[in-house]
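See structure below.
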Amino acid sequence: MELCGIAQELQKIGIRRVDQVRVMKMFVQKPEIAGIFKATDNDEDKLQFIMEILAGEFDD
Numbered sequence: 001m002e003l004c005g006i007a008q009e010l011q012k013i014g015i016r017r018v019d020q021v022r023v024m025k026m027f028v029q030k031p032e033i034a035g036i037f038k039a040t041d042n043d044e045d046k047l048q049f050i051m052e053i054l055a056g057e058f059d060d
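Sequential numbering of the sequence shown, starting at 1, is according to UniProt numbering.
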């Protein structure tokens, strides 16, 4: 899944556009986090993971 595929997944699970941009920036800066997202199996877990990112759980 490339960035385009990730963007589609974020939209599919109902992430607001402004938050999609924040998450995509994080994924570009920290590809290992994008890898975790891609490895997540279901939409509920993906949504929870994104909420953790948006809450700053992976900020330095």
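Virtual Cβ for every residue (Gly too), placed ideally from N, Cα, C. Source: prediction; values computed, not measured.
CB-CB under 6 Å to F58, same chain, minus the five flanking residues each way: which ones, in chain order? Answer for F58: I33, listed in chain order.
So, are the CB atoms of I13 and D41 less than 7 Å apart? no
For residue 80, three-class secondary structure by DSSP: The chain is shown only over 1 to 60; residue 80 falls outside these bounds and no answer can be derived.
Tell me the DSSP secondary structure of G5 in three-state form. helix
Could you check where the alpha helix (DSSP H) with D45 kicks off and where it finishes? 43-54
8 Å CB neighbourhood of L54 in its chain, flanking five on each side removed: D19, R22, V23
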